[in-house]
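Take a look at the structure set out below.
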Ligand code: 13P
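In the working numbering, the protein residues as written are 186 to 520.
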């Protein structure tokens, strides 16, 4: 394990003004996204769409890295250039989602455990060969009257740490993603309480499993009320609760925190990140507070593209504009 290299890679991913594009939708998820624009999810369409995003002129001003799906890290375009080299030629790092999805957790009603540890050591070696410098694993935590259980939190935190340890062994920076879902009608206080418990458990496991935190990134949810709650959107409150929760739970040796967008509207994902960074600047948080958005960066270009080659410039402009705004928010200077 090359610790200097791991921490340099992690720091570069959260370099000033920059953040991450999550383009690692699994086959099922990308099909849902394509269904929404009436485009068939074929291998060629998925490649065309992602190549269009990666080739957006000027995008490396705002994007430091892209998380890919297994299919994408192996894809080449018509001229034989791999999608990984398209990114690397612009100075953008390639990452890879390495979990195999959230599956029902035995002994619970509705909770999940994220799988993919079997054979992971060998897969990581291959991904490194294919050009990846970082990895991602997403654990999913649901809030309801009875959930999450202590059992679901502990098993998921344990798996996240196993993934992080194997990634660092393979000289890949792990992005540790414990996502507390925004589904439900819970209050912002409930989201705070659950996220606080989950983050403490995750860092307890990372510590026990001897992870070098300066060669990792955290990808958490923001602290927001459930999407079916009646609480009005209050970005200052979201920012205050989010920064307080992270200050309580995330060690200073972590170089960066890259939020997921989690199904928030583009506007909410941008304004919340802006206010989070306004507070971060005031109190001098020890870590960078950036983004690793999927939907928050892709909804606009996906719709503009709609599967038609003629719309490529329109879609690239939409992606550039979302990346530019999110970069400004990541800097606390979004207008
Ligand atoms: P969203 O920003 O759409 O939540 O996706 C981020 C991600 O990578 C989820 O695993």
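Positions of the beta carbon are idealized from the N, C-alpha and C atoms, including for glycine. Owing to the predicted nature of the structure, the values given are computational and were not obtained by experimental measurement.
> Would the C-beta of residue 481 count as close to ligand 1, meaning under 8 Å from any of its heavy atoms?
Replying inline: Position 296 of the chain shown, counted from the first residue, corresponds to residue 481. Yes, Cβ of residue 481 sits closer than 8 Å to a heavy atom of ligand 1.
> At what residues does the alpha helix (DSSP H) containing residue 423 begin and finish?
Replying inline: Counting from 1 along the chain shown, the entry for residue 423 is found at position 238. Residues 420-434.
> Can you find at least 3 beta carbon pairs, one from the segment 295-306 and one from the segment 222-231, that sit closer than 8 Å?
Replying inline: Contact between the segment 295-306 and the segment 222-231 is not established, with fewer than three Cβ pairs separated by less than 8 Å.
> Helix, strand or coil: which one does DSSP assign to residue 490?
Replying inline: Residue mapping note: residue 490 aligns to position 305 of the chain shown, counting from 1. Three-state result, residue 490: helix.
> Can you list the beta strand (DSSP E) stretches of 3 or more residues lying completely in the segment 246-331, in chain order?
Replying inline: Listed in chain order, the complete beta strand (DSSP E) runs (minimum 3 residues) inside the segment 246-331 are 248-253, 278-282, 287-289, 297-299, 317-326.
> Can the beta-carbon of residue 286 be found closer than 9 Å to that of residue 253?
Replying inline: Taking the chain shown and counting its residues from 1, the one referred to as residue 286 is at position 101. Taking the chain shown and counting its residues from 1, the one referred to as residue 253 is at position 68. By the CB criterion at 9 Å, residue 286 and residue 253 fall outside the cutoff.
> Nearest CA to the CA of residue 508: which residue from 282, 348, 242, 232?
Replying inline: As a first step, residue 508 is located in the chain shown; it is residue number 323 there, counting from the start. Closest by C-alpha distance to residue 508, out of 282, 348, 242, 232, is 242.
> Taking residue 472 as the reference, which of 434, 454, 503 has the closest Cα?
Replying inline: The sequence position of residue 472 within the chain shown is 287, counting from 1. The shortest C-alpha to C-alpha distance from residue 472 to any of 434, 454, 503 is the one to 434.
> Tell me which same chain residues have a C-beta within less than 7 Å of the C-beta of residue 237, skipping the five on either side of it?
Replying inline: Numbered from its first residue, the chain shown carries residue 237 at position 52. Closer than 7 Å at Cβ, skipping near neighbours: 490, 497, 500, 501.
> Among 318, 458, 398, 307, which residue has its Cα nearest to the Cα of residue 513?
Replying inline: As a first step, residue 513 must be located in the chain shown, where it is residue number 328. When the alpha-carbon of residue 513 is set against those of 318, 458, 398, 307, the nearest one is in 458.
> DSSP on residue 521, reduced to helix/strand/coil?
Replying inline: Any answer about residue 521 is impossible in this case: the structure gives the chain only from 186 up to 520.
>> Taking contact to mean 3 or more Cβ pairs, one atom from each stretch, closer than 8 Å, check whether the segment 309-318 and the segment 345-356 are in contact.
In response: Yes, since at least three Cβ pairs between the segment 309-318 and the segment 345-356 fall closer than 8 Å, the two stretches touch.
> Ends of the beta strand (DSSP E) at residue 358?
Replying inline: For the purposes of this step, residue 358 is taken as residue 173 along the chain shown, with counting starting at 1. Its beta strand (DSSP E) spans residues 358-365.
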